[in-house]
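Chains as they are written, first to last, in my numbering: chain A, 1 to 304; chain B, 1001 to 1249.
For each residue, glycine too, the CB sits at the ideal point set by N, CA and C.
Please read the structure below before turning to the comments.
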């Protein structure tokens, strides 16, 4: 077991990118100029690697398209992009990028809640799932570092959904290079008898983990880690043990609920003792407040 | 096979010096592109392919043939998915990518590239303010970028304004004149390789010939392949490849 260190989610992301940029000169980092200032991840890297490796684009230049152009030349590009501002077709430049190319783009998509002037928060997970790209949504610093490292090293272009509320959360992260090929979801059982399987990702997984201490009933938490490909076996196995399922998803997003519902109806219908429930995670959520709400909903579903 | 009605094609004054073999190669390139487009159109009619937009239709083959000739083997072409571009390996972006995104991708492809390598971009119309910003960024970085845009309707005028605002060199060449587009593309690529910054080349289609009375001279065809085959015939170079005329021309 490698040594671990306690660092924050944002530090874990920066460390993953820094290690990979040190390992290979083909790894580049791209960020768009932002009136709100640089993200903490990019600011740290820019000082270390300079403008040739950490490319800061002028305002108005589409960062994902520029990253796709760099990938066309064989670079493996980590691109930070505010997808809420780019719109639902912001990931379109990556949709057809030749999978035979050595280059690829890992699009980091921070989700900080509704954009200024927006009526409602953007369904970033839904927009990402509209494309054929792999989509990851790590919930812990260790997963963030591991998934990002793995995607930078190999594979085709993908999206990494990051909830900005998780940036300050701290967790144990293995030191050094730590790629995680997360084909499977992480299932956390409860020592109490679990009557509900709560399927969540990203911020939802952290909220659900915090809700476990508050709920009267026990529940199994299925942290998807990857939204595409979805770990259908883990979800079905968990529902087989508990008999009920609930998907915890941001209010604006619907797609993961739909995919889990379709999967359960077609492959695991006989395992269900009740209909699939959907628990909405409000935008700009305080984790503790949301955990209390989620705990109540899970207890209702479990019959408490 | 040339149409007898398309035999009268005005000579290009001060035209480029192109060898017989290169001329035939341009005609074959456009013919290959037309063949791919015909298959795409047939697949779309059968419902086996989603609509890709204007650049996938006939009439824009000269842009692909010209840029294939102008680029060197180790240089990159970035194109939206709508461009078949069969003779040069294009790095394709998503079908819904707009001009601004394709230009941004071309700009990205110049990052870290050797200074004497050009990057070409093939794009359809669809000007947005973001395209001007991407072009301005390319001018500021003196990126070795050549942008060819299929520009039907009033798009060419809008592109001229955008290039002026961004400070980029602008050229307008008829999409029906493959040799002129080739000349413009080669000149732009040489300027890019020499570090003189990006060039935007807008290619509006030629007007379709009007219906003629029997005593009026036949106007040249607006189809780039028919037009070029007629020019080669005037120069005494028989077209060596069969081609299908664009429907409705």
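{"Item": "So for residue 131/A, helix, strand or coil by DSSP?", "Value": "coil"}
{"Item": "Taking just the CA atoms, how far does residue 1230/B sit from residue 1237/B?", "Value": "9 Å"}
{"Item": "Report the three-state DSSP secondary structure of residue 306/A (helix, strand or coil).", "Value": "What is shown of chain A runs 1 to 304, which leaves residue 306/A out entirely."}
{"Item": "Is it buried or exposed, residue 1215/B, if we count other Cβ atoms within 10 angstroms and call 16 or more buried?", "Value": "exposed"}
{"Item": "Could you check whether the Cβ of residue 1178/B sits closer than 8 Å to any Cβ belonging to chain A?", "Value": "no"}
{"Item": "Could you work out which residues of chain B lie near residue 66/A, taking near to mean beta carbons separated by less than 7 Å?", "Value": "1104, 1105, 1107 and 1108"}
{"Item": "Hey, which unbroken runs of the beta strand (DSSP E) at 3 residues or more fall wholly within the region 1098 to 1151 of chain B?", "Value": "1119 to 1123 and 1145 to 1150"}
{"Item": "Taking beta-carbon pairs under 8 Å, can you tell me which members of the region 1052 to 1084 of chain B lie near chain A?", "Value": "1076, 1078 and 1081"}
{"Item": "Using a Cβ-Cβ cut-off of less than 9 Å, list which residues of the region 56 to 80 of chain A approach chain B; keep chain order.", "Value": "57, 58, 59, 60, 61, 62, 63, 64, 65, 66, 67, 68, 69, 70, 71, 72, 73, 75 and 77"}
{"Item": "Check whether chain A comes within 8 Å of residue 1111/B, counting only Cβ atoms and requiring the distance to be less than that.", "Value": "yes"}
{"Item": "If you draw a straight line from the C-alpha of residue 175/A to the C-alpha of residue 264/A, how long is it?", "Value": "38 Å"}
{"Item": "Examine chain A for any beta-carbon lying closer than 8 Å to the beta-carbon of residue 1171/B, and answer yes or no.", "Value": "no"}
{"Item": "With 8 Å set as the bound, which would you pick, yes or no: does the beta-carbon of residue 20/A sit closer than that to a beta-carbon of chain B?", "Value": "no"}
{"Item": "Check residue 1069/B in the structure and name its three-state DSSP category.", "Value": "helix"}
{"Item": "What is the rounded straight-line gap between the Cα of residue 1208/B and the Cα of residue 30/A?", "Value": "46 Å"}
{"Item": "Let me know the secondary structure DSSP gives residue 271/A once reduced to three states.", "Value": "helix"}
{"Item": "Tell me, which residues are paired with residue 1026/B by DSSP?", "Value": "Note: residue 1026/B sits in no beta bridge, so no partner."}
{"Item": "To the nearest angstrom, how far is it from the Cα of residue 80/A to the Cα of residue 66/A?", "Value": "11 Å"}
{"Item": "In angstroms with no decimal places, state the Cα-to-Cα distance between residue 155/A and residue 1076/B.", "Value": "22 Å"}
{"Item": "Residue 1157/B CB to nearest chain E CB: under 8 Å?", "Value": "The structure shown contains no chain E; its protein chains are A and B."}
{"Item": "Taking DSSP as the reference, what is the three-state secondary structure of residue 174/A?", "Value": "strand"}
{"Item": "Mind pulling the chain B residues with CB within less than 7 Å of residue 93/A?", "Value": "1093, 1094, 1097, 1101 and 1105"}
{"Item": "What does a CB cutoff of less than 6 Å around residue 1117/B pick up in its chain, not counting 5 residues either side in sequence?", "Value": "1075"}
{"Item": "Taking only beta-carbon atoms, is residue 1019/B less than 8 Å away from chain A?", "Value": "no"}
{"Item": "Would you say residue 1130/B faces chain A, with C-beta separation under 8 Å as the test?", "Value": "yes"}
{"Item": "In whole angstroms, what separates the C-alpha of residue 253/A from that of residue 1034/B?", "Value": "43 Å"}
{"Item": "Would you report the Cα separation of residue 1006/B and residue 1234/B, rounded to the nearest angstrom?", "Value": "Its pLDDT being 41, under 50, residue 1006/B is placed unreliably in this model, and the value from its coordinates should be taken loosely. If you take the alpha carbons of residue 1006/B and residue 1234/B, they lie about 11 Å apart."}
{"Item": "Please classify residue 1161/B as buried or exposed, where buried requires at least 16 other C-beta atoms within 10 Å of its C-beta.", "Value": "exposed"}
{"Item": "Which residues in chain B sit within 7 Å of residue 115/A, going by Cβ to Cβ distance?", "Value": "Within chain B, no residue comes near residue 115/A; the closest Cβ sits about 17 Å away, beyond 7 Å."}
{"Item": "Going straight from the alpha carbon of residue 1097/B to that of residue 1078/B, what length do you get?", "Value": "12 Å"}
{"Item": "Give the DSSP-derived three-state secondary structure of residue 69/A in the structure shown.", "Value": "helix"}
{"Item": "Pairing CB atoms from the region 1140 to 1149 of chain B with CB atoms from the region 1112 to 1126 of chain B, are three or more of them under 8 Å?", "Value": "yes"}
{"Item": "Using a cut-off of 8 Å between C-beta atoms, extract the partners of residue 124/A located in chain B.", "Value": "Under the 8 Å cutoff, chain B gives no residues; its nearest Cβ is about 17 Å from residue 124/A."}
{"Item": "Once DSSP output is grouped into helix, strand and coil, what is the label at residue 1007/B?", "Value": "Residue placement at residue 1007/B is poorly supported in this model, since its pLDDT is 43, which falls under 50; the coordinates still yield a value, given next. Looking at residue 1007/B - three-state DSSP - the assignment turns out to be coil, as it is neither helix nor strand."}
{"Item": "For residue 193/A, count neighbouring Cβ atoms within 10 angstroms of its own Cβ and tell me buried if that reaches 16, exposed if not.", "Value": "exposed"}
{"Item": "Could you name the residues that DSSP lists as bridge partners for residue 80/A?", "Value": "31/A and 108/A"}
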